[in-house]
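In short: position in the sequence shown from 1, add 21, done, that's this note's numbering. Before any comments, here is the structure.
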Amino acid sequence: MAKLDQQYITSLVEYARGGDSDAFAELYMATCQQQYRFALGYLKEEEAAKAALRNTYLTALKNIAALHDANLFLSWLSQINFRTCLEMQKQPAQISENLNPEEYTIQIDGRTFIIRQIMNLPFTESQVIILRYYNKLKIRDIARLMDLRCGSVRRHLANGCRKLKQLS
22 MAKLDQQYIT SLVEYARGGD SDAFAELYMA TCQQQYRFAL GYLKEEEAAK
72 AALRNTYLTA LKNIAALHDA NLFLSWLSQI NFRTCLEMQK QPAQISENLN
122 PEEYTIQIDG RTFIIRQIMN LPFTESQVII LRYYNKLKIR DIARLMDLRC
172 GSVRRHLANG CRKLKQLS
């Protein structure tokens, strides 16, 4: 995917914050493919990914005026998408099996970590850890989904795991 022009995105965000629906539609067109690929990789089902994308952009539209720095739009949108996917993934299990948050765990190097601990890590580290250990994705697939280099994914994974091990 070609890198998005940050200046252009920032100007669209400014217009969208002012209530320009055409600007938000253009933001959607510029970012939806990347966000959809992430949601599909995370949820592994097309319909769920489409629903996550719909919820992500609805949340962004409702809250775009609260975004203080237009330069942070892309990372803000990615955070919304990640949290939407995480909630969608948890929802069916909670309804059908009445699980509490402590039962959502991930095994990393023989140790068990609760999702809540992972969510307290920096955003990119928590995303990489969940995609790698919870969704069982390969490094190259995570890199493609998150639009990162494989080396960056490995670095975020190592940093996140190191921080988690310090907690236990």
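A virtual CB, placed ideally from N, CA and C, is assigned to each residue, including glycine.
Residue burial classification, residue i (beta-carbon count within 10 angstroms, cutoff 16)
i: E146; result: buried
i: Q148; result: buried
i: L185; result: buried
i: G39; result: exposed
i: R161; result: exposed
i: Q56; result: buried
Span separating the alpha-carbon of residue i from that of residue j
i: L158; j: E66; result: 14 Å
i: T133; j: E68; result: 31 Å
i: I30; j: Q100; result: 17 Å
i: G172; j: F59; result: 18 Å
i: L82; j: F144; result: 21 Å
i: S42; j: L64; result: 29 Å
i: Q138; j: L188; result: 9 Å
i: N102; j: A72; result: 11 Å
i: L178; j: I85; result: 30 Å
Residue-level contact to chain C via CB, residue i, 8 Å cutoff
i: L152; result: Given the protein chain composition of this structure (a single chain), no chain C is represented.
Cβ-Cβ separation, residue j to residue i (assumed contact under 8 Å), whole Å
i: L166; j: G62; result: 4 Å
Neighbourhood of residue i by C-beta, 6 Å cutoff - its chain only, sequence neighbours within 5 removed
i: P122; result: Low confidence applies here, because P122 scores a pLDDT of 46, under 50, leaving its location unreliable and the question unanswered by this model.
Residues of its chain near residue i, where Cβ-Cβ distance is below 8 Å and the 5 sequence neighbours each way are ignored
i: W97; result: A81 and L88
i: M109; result: L64, A69, A72, A73 and N76
Own chain, CB closer than 7 Å to residue i, minus 5 neighbours either side, in chain order
i: L33; result: A44, E47 and L48
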